[in-house]
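> Those letters in the sequence shown? Residues 2 to 888, per the working numbering, in order.
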Amino acid sequence: MDNSSEDSSDSPQQQQPESPVIVDQRVYFVPYRWWKEAQDSAPSDGKSATLYTVAPAPSYGGPMKIINNIFSLDVAFNLRREEESLSQSQENGEVGVSGRDYALVPGDIWLQALKWHSNSKAAAKNGKSFSATDEDIADVYPLQLRLSVSRETSSLGVRISKKDNILECFKRACRIFSVDTEPLRIWDLSGQTVLFSSNENNKMIKDSQKQSEQDLLLELQVYGLSDSVKNKAKKDDMSMQYLSGSSLLMNGTGSGITSNLTRNSSSSFSGGSCEAGTLGLTGLQNLGNTCFMNSALQCLAHTPKLVDYFLGDYKREINHDNPLGMNGEIASAFGDLLKKLWAPGASPVAPRTFKLKLAHFAPQFSGFNQHDSQEVLAFLLDGLHEDLNRVKNKPYVEAKDGDDRPDEEIADEYWDYHLARNDSIIVDVCQGQYRSTLVCPICKKVSIMFDPFMYLSLPLPSTSMRSMTLTVIKSGSDIQISAFTITVPKDGRLEDLIRALSTACSLEADETLLVVEIFNNRIIRYLEDGSDSLSLIRDGDRLVAYRLHKGTEEAPLVVFTHQQIDEHYTHGKLTSNWKAFGIPLAAHCRVLKGSDIHSLYLQLLTPFLVQNRAQADEHNSDRSSTEVRTDMEVSRDMEPGDTRVNGFPESIADENAAEHLDMEFQFYLSDDKATVKHAEIVMNEPLQSTDIPGRLNVLVNWSPKMLEQYNTSLFSSLPEVFKSGFFGKRPLESVSLYKCLEAFLKEEPLGPEDMWFCPGCKQHRQATKKLDLWRLPEILVIHLKRFSYSRFLKNKLETYVDFPTHDLDLSSYMAFKDGKFSYRYMLYAISNHYGSMGGGHYTAFVHQGADRWYDFDDSHVSPISQDKIKTSAAYVLFYRRVEENQI
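1. Residue range of the alpha helix (DSSP H) that residue 172 falls in?
2. Scan the stretch 499-526 and note each continuous beta strand (DSSP E) run of 3 residues or more that stays entirely inside, going in chain order.
3. Can you confirm whether the stretch 297-309 touches the stretch 376-386 when touching is taken to mean that 3 or more C-beta pairs between the two stretches lie within less than 8 Å?
4. Tell me the residue span of the alpha helix (DSSP H) that contains residue 604.
5. Hey, out of 798, 686 and 289, whose CA is closest to residue 736's CA?
6. Residue 602: which of 28, 851, 156 and 476 sits nearest, CA to CA?
7. Between which residues of its own chain and residue 204 is the CB-CB distance below 7 Å, once the five residues before and five after are set aside?
8. In this structure, how does DSSP classify residue 422 when only helix, strand and coil are distinguished?
9. Can you say whether residue 191 is buried or exposed, counting buried as having 16 or more other CB atoms within 10 angstroms of its CB?
10. How would you write the range of the alpha helix (DSSP H) that residue 36 sits in, first residue to last?
11. Are residue 360 and residue 369 touching if we call contact CB-CB under 7 Å?
12. Give the straight-line distance between the Cα atoms of residue 217 and residue 149, rounded to the nearest whole angstrom.
13. Between the C-alpha atoms of residue 556 and residue 695, what's the straight-line distance to the nearest angstrom?
14. Can you tell me whether DSSP reads residue 817 as helix, strand or coil?
15. Is there a Cβ of chain B sitting closer than 7 Å to that of residue 450, yes or no?
16. Would you decide whether residue 341 is buried or exposed? Buried here means 16 or more other CB atoms lie within 10 Å of its CB.
17. In the DSSP assignment, find the beta strand (DSSP E) that holds residue 668 and state where it starts and stops.
18. Have a look at 567, 503, 537 and 565 and flag the residue whose alpha-carbon is nearest the alpha-carbon of residue 1.
19. Please list, in chain order, all residues of the same chain as residue 106 whose beta carbon is under 8 Å from its beta carbon, the five residues on each side excluded.
20. From residue 704 to residue 669, what distance separates their C-alpha atoms?
21. With the cut-off set at 7 Å, would you say residue 719 and residue 437 are in Cβ contact?
22. My understanding is that residue 843 touches residue 374, with C-beta atoms under 8 Å, so please give their C-beta distance in whole angstroms.
23. Quick check on this structure: which residue in 419, 699 and 673 has the alpha carbon closest to the alpha carbon of residue 666?
24. Span of the beta strand (DSSP E) holding residue 449?
25. Ordered along the chain, which non-local residues of its own chain (more than five positions away) have a Cβ less than 6 Å from that of residue 505?
26. Determine whether the beta carbon atoms of residue 560 and residue 590 lie at a separation below 7 Å.
27. If you draw a straight line from the C-alpha of residue 142 to the C-alpha of residue 221, how long is it?
28. Name the DSSP beta bridge partners of residue 400, please?
29. Report the partner residues of residue 758 according to the DSSP bridge assignment.
30. From the DSSP output, in three-state form, read off residue 796 for me.
31. Of the choices 450, 519, 76 and 723, whose alpha-carbon is the least far from that of residue 586?
32. Could you say which of 440, 564 and 872 lies nearest to residue 707 if we only look at CA atoms?
33. Are the stretch 849-859 and the stretch 811-828 touching by the rule of at least three beta carbon pairs closer than 8 Å?
34. Taking 6 Å as the line, does the beta carbon of residue 353 fall inside it for any heavy atom of the ligand ZN?
35. Hey, how far is the Cα of residue 304 from the Cα of residue 781?
36. Can you tell me whether DSSP reads residue 353 as helix, strand or coil?
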């Protein structure tokens, strides 16, 4: 058994000195018949085995005898090597093999046997996957044996101590190696016991750093010997019980068989000292924003054919001379990591070594920033291909012009050219081919090429329109504040918004609209460029459109921002400060002195008076001399030729405003964001110049008394551009995966930045491009383009994509069908992204056979219902080809 962790593998200086026990060699103790059934059906390289029989008592002295006397409860026995070899036993037809015959096998042989049993079990169920029940789950648990080399090279002394093993393992060992029952035989296919008993290794034994000079520790993975099975150990048919708990990997047709090798029913998948886990259901520790990498790795680590390949002897295909490769380091790091993920009983793995290799060859992934799972997936697939490219010397090939030859001939020629330079397990499994057709808009020249692809990046078509709500303010003595909801193109511009809003609010011919964004009761942005993209406007923004009269643009735009005293306690002390409230009011006006500002502001506030001045007099008989005059008083004092300003004669407006406002309102010049108070505006003094041409920003301080006289709530309500729902988001748009594929295959013109050099015109042209699927791979990876980028901003599309899980049928989208392969696919993994562009989290969903899915969330692995795997977080989909009879 290999208990070495990722940490220890990263620190060579912490590793133990070399010893006869090979640390990375997993030795499995399994029922011999179970292994033999797999061996007969899928022969390996024909390794020979050494047969040992178990003697009931040790026949050696020395330290082991003394130790056994002290620890009398330890299991101690001899392994005596017999003359009969494995080949002789096979020739004899397995005569005498019983339920007490076991085999010691290395990890790779054990994995092959597991795979065969899984596939044979699935075949017995008419091709359907099976699930193990609680009573037939087989154990995989560690066991440590002390081996003592006797003077006789054919004999080994064995002791199983409670000191080396936990009590549970020790009790199981007592039952397994009980010598009171029928004879026990062990077939050693691992070569470990031969190593220990060989004379030529005596020096290594003496040099090894063990507790005893001749005492060696052998660590085993014991498989297929659950307590329920061992109670039936005397029955000859016990070997059949082992099959019910054995399963692994995905077979050649991708049947996706689950492994249920839990140590006990209470074990958790997520970690812990007692975790046994399930075969292949091992988490990856998050090393700091590495969830993007973990998500991609888990999807690849459960990809059919790739799993079998990297659990086998893949290193013989490493291309160390490929200048485009990475000297095999990425392939080796990935292979080592995958083996740890598929080790039975594995705890969550810390992928430090792989992360270091990845950062070394792809510096963009160094550090601990969040990245894109699809980007690391693309790099990894390309890196694995180049590291494992079977082509040592890439020939130079030049694609020929198709002329008038059939597309089938041209496509095969392009594919042969590609394979002449690229031949690897990645090409075998993951690469397909599409046809690219370019047409010149001028001379109509047609160019056809056939290019390989590793994955398909599909756009997410969505509704083209967007609803937006804005507040429209009509200034003047009859000021009106209304909210309008309009519909505009998603990819539209500000001029589209102005046009739609003008129609909605019945804008007069002599009026224009000024749109601004309000935040914290202040104007923070003026939207004046009609060519600006509407994508700059978010759902949570609050927009106001001022209806202004044309012809007054030469007069400055006066913007009033309201403030009131805000009192609150801080650390037990009462503090107060001025705080903005309400919607800023704006109007064009020729202003020369402070009284003009005062008068304009009163005019804008008139509709918000709680009661008129005459009614105020009736309820306030002791009106002070500073109160505003009534209309009767005003009319009496009007002079010929007087016009009203703010409801008062112009000749007395300054006087009346001065009486009323000097104590109730205070006006200050301010900056463009209305956050800084500059000079106070005095009634009869000229205004100071401002730094903002054509615009005058004024802060108005309200007294408590004025807050009572005006209904400020009428100009305080400001809706969002789009009202958030219960979860704070728009209703999710839905689109089928087939629609995404159709959008990908749709003919469209190239962008101005992607001009095509036309061989007919001899000039760069904005040609039209059409893609068609021509050849599909066994593993189809589909990338959903959720992240959009522009010169303005980055955005994530939350569109819900309805993708098939059992039957993705692409036959109707194929430009060419050769009839050799199926065009139907089954989903087996999903890389998910939750959150927004600025952050978020990646996870993976993985199919483990039948209807069983698991959620891989970094270290934590847990079952998930199949009806919950379809979400708007789905980012990269992994499909495997299935034959028609498997649907």
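We treat Cβ as the ideally placed atom computed from N, Cα and C, and that holds for glycine.
Quick answer:
1. By one-based count along the sequence shown, residue 172 stands at place 171. Element bounds for residue 172: 168-177.
2. Within the stretch 499-526, the complete beta strand (DSSP E) segments of 3 residues or longer fall at 512-520, listed in chain order.
3. yes
4. Counting from 1 along the sequence shown, the entry for residue 604 is found at position 603. From DSSP, the alpha helix (DSSP H) with residue 604 extends over 595-606.
5. In the sequence shown, the residue the question calls residue 736 occupies position 735. Of the listed residues, the one whose Cα sits closest to residue 736 is 798.
6. Your numbering for residue 602 matches position 601 in the sequence shown. Residue 476 is the option with its Cα nearest to residue 602.
7. In the sequence shown, the residue the question calls residue 204 occupies position 203. With a pLDDT of only 44 at residue 204, under 50, the local geometry of the prediction cannot be trusted, and no value is derived from it.
8. In the sequence shown, counting from the first residue as 1, residue 422 sits at position 421. Residue 422 falls in the helix class under three-state DSSP.
9. One-based indexing of the sequence shown puts residue 191 at position 190. Residue 191 is buried by the Cβ-count criterion.
10. Translated into positions along the sequence shown, residue 36 becomes position 35. Following the DSSP letters along the chain, one finds residue 36 inside the alpha helix (DSSP H) bounded by residues 33-42.
11. Position 359 of the sequence shown, counting from 1, holds the residue named residue 360. Position 368 of the sequence shown, counting from 1, holds the residue named residue 369. Result no, Cβ atoms of residue 360 and residue 369 do not sit closer than 7 Å.
12. Locating residue 217 in the sequence shown gives position 216, counting from the first residue. Locating residue 149 in the sequence shown gives position 148, counting from the first residue. Going from the Cα of residue 217 to the Cα of residue 149 covers about 6 Å.
13. Locating residue 556 in the sequence shown gives position 555, where the first residue counts as 1. Locating residue 695 in the sequence shown gives position 694, where the first residue counts as 1. Going by the C-alpha atoms only, they are around 7 Å apart.
14. For the purposes of this step, residue 817 is taken as the residue at position 816 of the sequence shown. Looking at residue 817 - three-state DSSP - the assignment turns out to be coil, as it is neither helix nor strand.
15. Judged by its chain identifiers, the structure shown contains no chain B, having just a single protein chain.
16. One-based indexing of the sequence shown puts residue 341 at position 340. Residue 341 should be labelled buried.
17. By one-based count along the sequence shown, residue 668 stands at place 667. Its beta strand (DSSP E) spans residues 666-671.
18. No statement about residue 1 is possible, as the shown extent of the chain runs from 2 to 888 and does not include it.
19. Taking the first residue of the sequence shown as position 1, residue 106 is located at position 105. Hits under 8 Å: 28, 29, 31, 36, 114, 190 and 191.
20. Within the sequence shown, the letter at position 703 stands for residue 704. Within the sequence shown, the letter at position 668 stands for residue 669. Cα-Cα distance, rounded: 14 Å.
21. In the sequence shown, the residue the question calls residue 719 occupies position 718. In the sequence shown, the residue the question calls residue 437 occupies position 436. Contact flag unset, no.
22. The count along the sequence shown starts at 1 and reaches residue 843 at position 842. The count along the sequence shown starts at 1 and reaches residue 374 at position 373. For residue 843 against residue 374, the beta-carbon gap comes to about 5 Å, under 8 Å, which counts as contact.
23. In the sequence shown, the residue the question calls residue 666 occupies position 665. The option with the nearest alpha carbon to residue 666 is 699.
24. Position 448 of the sequence shown, counting from 1, holds the residue named residue 449. Segment 447-454, the beta strand (DSSP E) holding residue 449.
25. Stepping through the sequence shown from its first residue, residue 505 is reached at position 504. Hits under 6 Å: 485 and 487.
26. Translated into the one-based positions of the sequence shown, residue 560 becomes position 559. Translated into the one-based positions of the sequence shown, residue 590 becomes position 589. No, these two residues do not count as a Cβ contact at 7 Å.
27. For the purposes of this step, residue 142 is identified with residue 141 of the sequence shown, where counting begins at 1. For the purposes of this step, residue 221 is identified with residue 220 of the sequence shown, where counting begins at 1. Those two C-alpha atoms are separated by around 8 Å.
28. Residue mapping note: residue 400 aligns to position 399 of the sequence shown, counting from 1. DSSP, once it has assigned bridges, lists no residue as partnering residue 400.
29. For the purposes of this step, residue 758 is taken as the residue at position 757 of the sequence shown. Paired residue(s): 765.
30. Start at 1 with the first residue of the sequence shown, and residue 796 comes out as number 795. Residue state, collapsed to three classes: strand.
31. Position 585 of the sequence shown, counted from the start, is the residue given in the question as residue 586. Among 450, 519, 76 and 723, the Cα nearest to that of residue 586 is on 519.
32. What you label residue 707 is simply residue 706 of the sequence shown in a count that begins at 1. When each option's Cα is compared against that of residue 707, the closest is 564.
33. no
34. With respect to small molecules bound, the structure shown includes none, and the ligand ZN cannot be examined in it.
35. Position 303 of the sequence shown, counted from the first residue, corresponds to residue 304. Position 780 of the sequence shown, counted from the first residue, corresponds to residue 781. Looking at the two C-alpha atoms, the distance is approximately 10 Å.
36. In the sequence shown, the residue the question calls residue 353 occupies position 352. Residue 353: helix per DSSP, three-state reduction.
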